[in-house]
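Have a look at the structure below before the remarks.
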Amino acid sequence: MGSLEGILSGVQLAFSIEGILFVFLGVLAGTLIGMMPGLGPISAIAIMIPLTYNMDPTVALVLMAGVYYGAVFGGSTSSILLNAPGISGTVATSFDGYPMAQRGEAGKALAVAAISSFVGGTVSVVLLMLFAPALSSVAVVFGPPEYFALMVLGLTAISSLSDGSTVKALISAVLGIMAVTIGIDSQTGTTRFTFNNPNLLEGIDFLVVALGLFALSEVCALIINRSQTSKDRKSLGSLKLSKSELKDMSGPVGRQSILGFILGVLPGAGATIASFIGYITEKKLAKKPKEFGKGAVRGVAAPETANNAATSGAFVPLLSLGIPGSGTTAVLLGALLVLDIQPGPLLMGEQPQLFWGVIVSMYVGNLFLLILNLPLIPYIAKILAIPRPLLISLVIMFSMIGVYSISFNTFDLYLLLIFGIIGYLMRLFKFPPAPFILAFILGGMMEESFRQAMTMSNNDLSVFINKPIALGMLIAAFLSFVVPIWQGYYRKKKHAA
Amino acid sequence: MLRPAHRKISLILIALSIFYLYLSFQLPSFTNTVIDASTMPKALGVGLIILSLILFFSPDKETKEDKEKRIIPKEDLRKIIGVVFMILAYIFLLERLGFLLVSFLFIFFCSLFLGYTKHGVNLIVSILFPLVLYSAFTMLLGISLPSGIIPF
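Here it is as structure tokens:
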């Protein structure tokens with residue numbers, strides 16, 4: 001367990017003027033960007049990264065974590081008001097949130113979403129405080145074979161859990177690792193796949209990939225929906241909830257805070273899956289399941305609690321293992337590496353202020369989010385009225401300046417455009433981009449730990465079999481993609497018969 | 001046989017992996033290292049071929065609706081291609097004309113091109129936004145953006 005001293009230094013940081021200011025800026029930016037239909041937390045974090053380059057790492061992490069959970073928190077607003085989810089984690093919220101809004105109860109739906117998000121977010125931070133140190137102390141014994149196995153498991157899990165075809169998701173992951181092999185190989189010094197272009201020697205910067213695959217390609221989708229406006233928006237109505245409504249949502253909120261957290265910790269899952277599973281389980285548990293989909297309070301409370309709980313859950317593997325389990329935490333890891341922070345089991349002991357500061361700041365951040373999303377929501381929701389053409393131009397320009405400000409090289413901007421087009425094509429043909437970015441971040445680490453493991457064992461592959469933890473993870477990884485692919489075949493045969 | 005889109009994609013991916021493998025085999029080898037620079041790329045290339053083959057032979061699960069979603073109306077396609085060209089122009093001119101001027105032109109004309117008709121608001125945003133960003137980057141973050149032909 002973490003030392004009291006460490007926690008106190010974290011509290012000190014989180015409640016310093018700097019800490020409070022940056023967590024506020026983070027959650028505000030996250031809420032605003034997350035609210036924009038189409039722009040998700042990955043884009044939100046990637047857009048903010050250039051602003052953190054010269055910052056103190058701890059403050060930068062507080063800010064970016066705030067952007068992340070702020071985006072998940074704020075994403076519900078456009079789901080409810082426009083039926084156009086800002087992020088995939090709030091798609092399930094629109095099932096009941098939008099019917100409520102059409103009934104003239106938009107305010108109520110927003111209030112349910114804000115309260116559920118707040119409780120889910122806060123409860124899961126308590127769980128994060130308990131589990132992250134525990135996992136850190138377990139993971140201290142992890143060597144290169146375990147890390148390699150864990151990363152393989154993370155990649156296969158995200159592939160089998162992403163919506164759509166597992167094969168396509170795995171292809172996306174392999175392409176991600178391929179993209180990261182471009183450049184000088186750190187171990188042998190060999191240049192790989194650079195086509196003698198000096199700009200590629202250092203490899204492709206992860207920000208180029210993240211902004212291209214996400215922000216730019218999301219903008220392409222916005223161009224197609226550019227005429228969709230918020231004109232048909234009805235008035236918000238009262239934000240007040242009755243006692244019976246509060247009682248009605250207490251069950252789902254309590255259960256989903258814990259379930260969502262667990263799903264967030266697991267590799268590959270995350271906010272989107274947690275919100276759908278939360279919605280489905282509550283529908284099954286409900287006394288009147290038929291009300292779901294027609295504007296049930298529980299139908300908004302369940303996914304909103306689960307997605308926010310999952311967001312904090314995702315910080316457990318990121319902070320204590322240094323291995324992200326989702327696309328969003330992968331981008332966060334990329335940002336941390338730029339700031340010279342290597343998260344992992346040693347982080348808690350070596351940089352207690354950073355470790356605990358970020359966690360404690362999440363309490364403060366969730367409180368700010370409650371204020372932003374409850375009493376202030378009528379004003380903040382006005383941002384949805386920004387005309388799409390203007391929004392599109394601004395996001396494109398901001399992405400390009402973000403990339404330019406890290407490399408001062410226009411070559412990277414051309415690459416950004418290429419990744420934007422690749423990302424758009426991937427969406428069009430249903431190749432999920434999240435495994436790509438996770439693989440891109442993990443690829444280099446995977447190769448390194450594989451090499452270390454092989455050096456340790458004198459080139460003997462049995463090192464992965466003799467270590468029970470590594471073997472278990474590799475078996476789980478294997479099953480996680482073989483089973484869905486095999487099931488797909490089986491179903492096809494059944495169809496044919 | 002090639003009608004389902006995923007079969008065409010699978011062939012493209014196989015071509016890509018063969019090219020990638022060809023390059024991997026060209027990489028110089030070091031006998032003293034356990035895992036060579038080309039080891040992982042070779043594994044990746046083979047892996048991609050296997051996955052592409054599975055994709056090729058997997059059943060066509062796309063519904064008609066999915067296929068229709070992929071058809072982009074000509075008007076939208078023209079807009080996307082137009083924006084891509086504007087981005088290319090932006091990149092080409094960024095270091096030549098400077099951040100402020102190019103960003104102003106980009107925001108104004110890109111919004112206009114996408115059908116924004118309130119020219120006054122457009123003008124104000126396209127001037128103010130780059131100015132605020134420029135000051136934030138240079139003063140707060142210490143990152144200097146190309147000033148180009150505007151002398152500050």
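Read top to bottom, the protein sequences are chains A and B. The numbering of the first sequence is the UniProt record's numbering, which starts it at 1 and goes up by one. The numbering of the second sequence is the UniProt record's numbering, which starts it at 1 and goes up by one. Ideal Cβ placement from N, Cα and C applies to all residues, glycine included.
Checklist entry - Out of curiosity, what's the CA-to-CA distance linking GLY89(A) and ILE273(A)? => result Between the alpha carbons of GLY89(A) and ILE273(A) lies a gap of roughly 7 Å.
Checklist entry - For SER78(A), which of ILE396(A), THR188(A), ASN373(A), LEU390(A) has the nearest alpha-carbon? => result Ranking ILE396(A), THR188(A), ASN373(A), LEU390(A) by Cα distance to SER78(A) puts ASN373(A) first.
Checklist entry - Is GLY183(A) helix, strand or coil by DSSP? => result Correct three-state label for GLY183(A): strand.
Checklist entry - In chain B, which residues lie with their C-beta within 7 Å of the C-beta of ASN54(A)? => result Those are LEU141, GLY142, listed as they occur along chain B.
Checklist entry - For THR166(A), which residues of its own chain have a beta-carbon under 7 Å away from its beta-carbon, when the five flanking residues on both sides are left out? => result Taken in chain order, the residues that qualify are SER159, SER160, PHE481, PRO484, ILE485.
Next on the checklist: So with CB distances below 7 Å, who are the chain B contacts of PRO387(A)?
Outcome noted: By Cβ distance, chain B contributes TYR116.
Checklist entry - Does the beta carbon of ILE81(B) sit closer than 7 Å to a beta carbon anywhere in chain A? => result The beta-carbon of ILE81(B) is placed no less than 7 Å from the nearest beta-carbon of chain A.
Checklist entry - Are the stretch 315-331 of chain A and the stretch 131-150 of chain A touching, with three or more C-beta to C-beta distances below 8 Å? => result A contact exists between the stretch 315-331 of chain A and the stretch 131-150 of chain A.
Next on the checklist: Distance check for SER58(B) and LEU51(B), CA to CA, integer angstroms please.
Outcome noted: SER58(B) has its alpha-carbon roughly 10 Å from the corresponding atom of LEU51(B).
Next on the checklist: Beta-carbon within less than 8 Å of LEU391(A)'s beta-carbon, same chain only, minus the 5 sequence neighbours each way: which residues are those?
Outcome noted: Cβ-Cβ distances below 8 Å link LEU391(A) to MET36, LEU222 in the same chain, with the five nearest sequence neighbours on each side left out; the list follows chain order.
Item to check | Through-space distance from PHE25(B) to MET426(A), alpha-carbon basis | outcome: Using only the alpha carbons, I get a separation of about 28 Å.
Checklist entry - What is the DSSP secondary structure of THR93(A), reduced to helix, strand or coil? => result If DSSP states are grouped into helix, strand and coil, THR93(A) belongs with the helices.
Item to check | Proximity test, Cβ basis, 7 Å: PRO4(B) and chain A | outcome: It does not; no Cβ of chain A falls within 7 Å.
Next on the checklist: For ARG7(B), list the residues DSSP reports as bridge partners.
Outcome noted: The beta-bridge partner set that DSSP reports for ARG7(B) is empty.
Checklist entry - How many angstroms separate the CA atom of ASN459(A) from the CA atom of LEU346(A)? => result One C-alpha to the other measures close to 28 Å.
Next on the checklist: Could you check whether the Cβ of ALA89(B) sits closer than 7 Å to any Cβ belonging to chain A?
Outcome noted: With its beta carbon at least 7 Å from every one in chain A, ALA89(B) lies outside the interface.
Checklist entry - What are the start and end residues of the alpha helix (DSSP H) that includes VAL119(A)? => result 106-139 is the span of the alpha helix (DSSP H), which, as asked, contains VAL119(A).
Item to check | Run of the alpha helix (DSSP H) containing TYR68(A), from where it starts to where it stops | outcome: 57-82 is the extent of the alpha helix (DSSP H) around TYR68(A).
Item to check | Rounded C-alpha distance that separates ALA381(A) from GLY74(A) | outcome: The straight-line gap from Cα to Cα measures roughly 10 Å.
Item to check | Nearest neighbour of LEU38(A), chosen from VAL297(A), VAL395(A), ILE371(A) [CA to CA] | outcome: A small correction: the amino acid at residue 38(A) is Gly; Leu does not occupy that position in the sequence shown. Out of VAL297(A), VAL395(A), ILE371(A), VAL395(A) has the C-alpha closest to the C-alpha of GLY38(A).
Item to check | Residue range of the alpha helix (DSSP H) that includes MET139(B) | outcome: Per DSSP, MET139(B) belongs to no alpha helix (DSSP H) and is neither H nor E.
Checklist entry - When we look at the beta-carbon of residue 540(A) and count the other beta-carbons within 10 Å, is it buried (16 or more) or exposed? => result Limits of chain A in this structure are 1 at one end and 497 at the other, which puts residue 540(A) out of reach.
Checklist entry - What first and last residue would you give for the alpha helix (DSSP H) that runs through ASN199(A)? => result Neither: ASN199(A) is in no alpha helix (DSSP H) and is coded neither H nor E.
Checklist entry - Hey, PRO144(A) and LYS467(A): beta-carbon distance below 7 Å or not? => result Going by C-beta atoms, PRO144(A) is not nearer than 7 Å to LYS467(A).
Item to check | Proximal residues to THR122(A) (C-beta, below 7 Å), its chain only, five neighbours per side dropped | outcome: Counting only Cβ-Cβ distances below 7 Å, and skipping sequence neighbours, we find TYR363, ASN366.
Checklist entry - Distance, Cα to Cα, GLY322(A) vs LEU442(A)? => result It is roughly 10 Å from the alpha-carbon of GLY322(A) to the alpha-carbon of LEU442(A).
Checklist entry - Span of the alpha helix (DSSP H) holding ASP76(B)? => result In this chain, the alpha helix (DSSP H) harbouring ASP76(B) covers 74-97.
Next on the checklist: For ARG192(A), list the residues DSSP reports as bridge partners.
Outcome noted: Residue pairing by DSSP puts ARG192(A) in a beta bridge opposite GLY183(A).
Item to check | Cβ of PHE104(B) within 7 Å of any chain A Cβ | outcome: Among the residues facing chain A, PHE104(B) is not included, as its CB has no counterpart in that chain under 7 Å away.
Next on the checklist: Is the beta carbon of PHE276(A) closer than 7 Å to that of ALA309(A)?
Outcome noted: Pairing ALA309(A) with PHE276(A) gives a Cβ-Cβ distance that is not under 7 Å.
Checklist entry - In the structure shown, what three-state DSSP assignment does SER38(B) receive? => result Reduced to three states, the DSSP call for SER38(B) is coil.
Checklist entry - So is ALA136(B) buried or exposed if we call it buried at 16+ other beta carbons inside 10 Å? => result By the 16-neighbour rule on beta-carbons within 10 angstroms, ALA136(B) is exposed.
Item to check | Cβ-based contacts, 7 Å cut-off: residues of the stretch 8-29 of chain B near chain A | outcome: Residues ILE9, LEU13, TYR20, LEU23, LEU27, PRO28.
Next on the checklist: Taking 7 Å as the threshold (beta carbon to beta carbon), is ASP185(A) in contact with chain B?
Outcome noted: Closer than 7 Å: yes.
Checklist entry - Rounded to a whole number of angstroms, what is the C-alpha to C-alpha distance between GLY70(A) and ALA46(A)? => result When rounded, the distance between both Cα atoms is 14 Å.
Item to check | Inter-residue spacing [alpha-carbon to alpha-carbon] between SER250(A) and LYS294(A) | outcome: Rounded to whole angstroms, SER250(A) to LYS294(A) spans 19 Å at the Cα level.
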